[in-house]
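To keep things clear, I will list the structure first and then write my remarks on it.
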Amino acid sequence: MKVKFLVLAVLGMFAFGCQPKEQPKEEPKQAQGEVDKAKAEAEKVKAEAEKLKAEAEKAKAEAEAAKAKAEAEAAKAAQPKPEEVKKEEVAAPAEVVGEPNPTGKKVELVFHVMSQCPFGTQVMNGISPVLRKMGAWIDFRLEFIGNVDGDNLTSMHGDAEVKGDIVELCLQKHLYENYKYFDVLDCMNKDARAIPGNWEQCAKDAKIADDKFALVKACYEGQEGKDLTKASFQKSEQVGARGSPTMFLGGKPYRGGRGENDYMRGLCQEMAQDAKAKACADIPPPVEFEAIVLGDKRCTDRTCDTSRLVMSFQSMFPGMKLKTLDWEQEEAKKLFDEEGITFLPVILFGPEIAKADGYDRLGRFLTDSKSAKYKVFAGRASHDPKSEICDNKVDDTGDGVIDCDDATCKQKMVCREEVAGKLELFVMSQCPFGVKGLNAMEQVLATFGADLKFEVHYIGDIQDGKPTSMHGQGEVDENIRELCAIKKFPEAYMKYILCRNKDIRSENWQACATAETGVDAKVIEECFKGEGTQLLIDDYAVAKGLGIGASPTWIANGRYQFSGIDSKTIGQNICQHNSALAGCAKLDTLAGDTGAPAGSCN
Ligand SMILES: [Ca+2]
């Protein structure tokens, strides 16, 4: 599933959860309806294929789960489980957590998380006081998100996270009674980066009994923990939980707030009238505040669509009173000027938002408006409502020129000239995905030959007149050297780049400027010291003008943007617009998606 709304993606990254990056974040902006249609169809085919693949994987996972279950049961039959023995010894009735529950009816709440994901630990912190208050009314369970490949378990934040998942599942299993394990988790989550190493100290601080401690330790270090984790990963997969956290309340996805009161409200709503905890009567009402969505319906770019973002805010903040204003309204223009806003869309929040549960997550993405009357969420808003709209056949700025004839529209995608056989690649030289994209070009260029007009451009910013780049000065320098190679050695530069890509972070670029690559180190050095910086500054302007920020991004024929890092995807996109090229008959020979995680730097 591609993330369709960049603004949402930004917020998703920062405010909502840890999402494995398997697809490029940026959705191509389309220039024409026809392209949209073709693209939609291509995606439909792709989605079908993915569905089949997913089904096959699901069947495989189910078979494996059944096998694991059979094995576990066999193991269980073979030897008495220590915890069962313990249970018999601890015969005393269970102590109820918080308010007793005479009804025996519980509401199911399941969190699928990653142990080192800050958003996962945050929701655990949110639910912890609720479990202490009315745990007896809740059937709560943690599940973990990760990948199962045979017996190999992996997770987004690495091996330490897998170990963290294991120990937390062991704690849950052996200290489930009264949610005792939350005494340990609360402590561990105070320093999520120290997970799993901090579990022993936290268990000691929580005064976990020696016998229980031994059970958890044996589980963590032995096969039991691995089995629990594998089964848990598979459960998450089965319910489609891929981002941390994914929550289910009463069997339905929960997308509400993540504070104590939010969970209390959600749980109490789910409780039947005759089985409601008394604590439900004491939940303070959600904090009310005003929110104004300020947009411009003339902007058809995806970054101008706030509908999903607003929906997310509404579920996060049940007390939010929403108002929508469009640029055509005088009130919108007035607010825009008075509050010093430069780009649309934005969302303005009344100051009371600072008192709402969940503000701690959003607050750092908000800035004060000019009058300080509002907190502004701008995301990656980039539409200037006072500029010419390049595709509405109206002279918006009243300067006598319409759409593409207006100077400010010239560099925009919709106004670019279509050039058959042209392929532009936008990268950051040290971005691992950009490196893969460039490497994939070796085969593409060999297949299409001189029919392809290939260009490489770089993505970065200018600060105080100097070029900067996401991966630091080393990347800026390499961007410059590569541009110098492109300019001075138009026939040989790809050999230099492919050589550099074998170890792109190495400072020894000279090793790739040799007789073998046909790029002369002296010439590069001279260009680097001379015109190189200006070359890069000018080159950055191309990506900026097009609004391209993700490495790698491709444009076929000057107009059709796409993503991808394998030769086949690149070839297919070229041929979608240039079917007559000889290379298009050889598409099958191109290397396809290797299954390696795709993605982008942005
Ligand atoms: Ca216009």
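If you want this note's numbering, it's the 1-based position in the sequence shown plus 1218.
Backbone N, C-alpha and C define an ideal beta-carbon position, used for all residues, glycine too.
Because the structure is a prediction, the values reported are computed rather than measured.
For my contact list, residue i and residue j are in at a C-beta cut-off of 8 Å; report their separation, rounded to the angstrom.
i: PRO1424; j: ASP1409; result: First, the amino acid is wrong: residue 1424 is Ala here, not Pro. Going by Cβ atoms, the distance from ALA1424 to ASP1409 rounds to 15 Å, so no, they are not a contact pair.
i: LEU1753; j: LEU1701; result: 5 Å
i: GLN1661; j: LEU1808; result: 6 Å
i: ILE1698; j: GLY1655; result: About 19 Å separates the two Cβ atoms, so there is no contact after all.
i: ILE1384; j: GLY1443; result: 4 Å
i: GLY1558; j: LYS1588; result: 3 Å
i: ASN1416; j: THR1339; result: About 12 Å separates the two Cβ atoms, so there is no contact after all.
i: PHE1535; j: GLY1576; result: 6 Å
i: VAL1325; j: ILE1356; result: 6 Å
What are the partner residues of residue i, as DSSP defines its beta bridges?
i: TRP1772; result: LEU1643 and PHE1780
i: ASN1370; result: ASP1367
i: GLY1513; result: ASP1544
i: GLN1681; result: LYS1684
i: MET1538; result: PHE1507
i: VAL1594; result: LEU1566 and THR1585
i: TYR1472; result: MET1465
i: PHE1362; result: VAL1331
Mapping the DSSP letters down to three states, classify residue i as helix, strand or coil.
i: LYS1357; result: For the sequence presented, residue 1357 should be read as Asp rather than Lys. ASP1357 falls in the strand class under three-state DSSP.
i: CYS1236; result: strand
i: ALA1561; result: In the sequence on display, residue 1561 carries Phe and not Ala. PHE1561 falls in the coil class under three-state DSSP.
i: TYR1676; result: strand
i: SER1217; result: Summary: the structure shown does not reach residue 1217, with the chain confined to residues 1219 through 1820, and so no result is reported for it.
i: LEU1485; result: helix
i: SER1605; result: coil
i: HIS1795; result: helix
i: SER1462; result: strand
i: HIS1392; result: helix
i: VAL1737; result: coil
i: LYS1408; result: coil
i: CYS1819; result: strand
i: GLU1326; result: strand
i: ALA1293; result: Any reading at ALA1293 must be qualified, since the residue scores a pLDDT of 46, below 50, and its modelled position is unreliable; the value itself is stated next. Here ALA1293 sits in helix by DSSP.
i: LYS1444; result: helix
i: PHE1554; result: helix
i: LYS1671; result: strand
i: CYS1633; result: helix
i: ILE1501; result: coil
i: GLU1307; result: Because GLU1307 sits at a pLDDT of 38, beneath the cut-off of 50, its placement in the model cannot be relied upon, and the following sentence gives the value as read from the coordinates. Helix.
i: ASN1479; result: helix
i: GLU1379; result: helix
i: SER1822; result: Outside the displayed span of the chain (1219 to 1820) sits residue 1822, for which this structure offers no information.
i: GLN1452; result: helix
i: GLY1763; result: helix
i: GLY1415; result: coil
i: LYS1262; result: A caution first: LYS1262 carries a pLDDT of 48, below 50, which makes its placement in the model too unreliable to give a value.
i: ASP1617; result: coil
i: GLU1725; result: coil
i: THR1732; result: coil
i: SER1600; result: coil
i: VAL1662; result: helix
i: GLN1691; result: helix
i: PHE1531; result: helix
i: CYS1702; result: helix
i: CYS1627; result: helix
i: GLY1748; result: coil
i: ASN1657; result: helix
i: ILE1755; result: helix
Please confirm if residue i has its CB atom under 7 Å from at least one CB of chain C.
i: VAL1528; result: As a matter of chain content, chain C is missing from the structure shown, which is built from one protein chain.
Would you call the segment 1468-1478 and the segment 1506-1519 touching, i.e. three or more CB-CB distances under 8 Å?
-> no
Any chance the segment 1731-1750 sits against the segment 1616-1634, with 3 or more Cβ pairs inside 8 Å?
-> Contact fails between the segment 1731-1750 and the segment 1616-1634, because fewer than three Cβ pairs, one in each stretch, are under 8 Å apart.
Counting Cβ pairs, one atom from each stretch, are 3 or more of them under 8 Å apart for the segment 1666-1677 and the segment 1794-1810?
-> yes
Evaluate the contact criterion for the segment 1724-1744 versus the segment 1705-1714: three or more CB pairs, one atom per stretch, below 8 Å.
-> Counting Cβ pairs under 8 Å, three or more are found: they touch.
Touching by the beta-carbon criterion (3+ pairs, under 8 Å), the segment 1761-1772 and the segment 1633-1652 = yes
So does the segment 1457-1469 actually touch the segment 1351-1363, counting three or more Cβ pairs closer than 8 Å?
-> yes
Count the C-beta pairs between the segment 1716-1725 and the segment 1673-1685 that are closer than 8 Å, then say yes if the count reaches three, no if not.
-> Contact between the segment 1716-1725 and the segment 1673-1685 is absent: fewer than three C-beta pairs spanning the two stretches fall below 8 Å.
Do the segment 1492-1501 and the segment 1462-1469 touch if we need at least three Cβ pairs shorter than 8 Å?
-> no
Specify whether the segment 1774-1785 and the segment 1625-1637 touch according to this definition: at least 3 beta carbon pairs, one from each stretch, less than 8 Å apart.
-> yes
Flag this pair as touching only if the segment 1520-1531 and the segment 1543-1554 have three or more C-beta atom pairs under 8 Å; answer yes or no.
-> In this structure the segment 1520-1531 does not touch the segment 1543-1554; the number of beta carbon pairs closer than 8 Å is below three.
Validate contact between the segment 1481-1496 and the segment 1386-1396 using beta carbons, cut 8 Å, 3 pairs | no
Pairing CB atoms from the segment 1559-1567 with CB atoms from the segment 1593-1613, are three or more of them under 8 Å?
-> Under the 8 Å Cβ criterion, the segment 1559-1567 counts as touching the segment 1593-1613, having at least three qualifying pairs.
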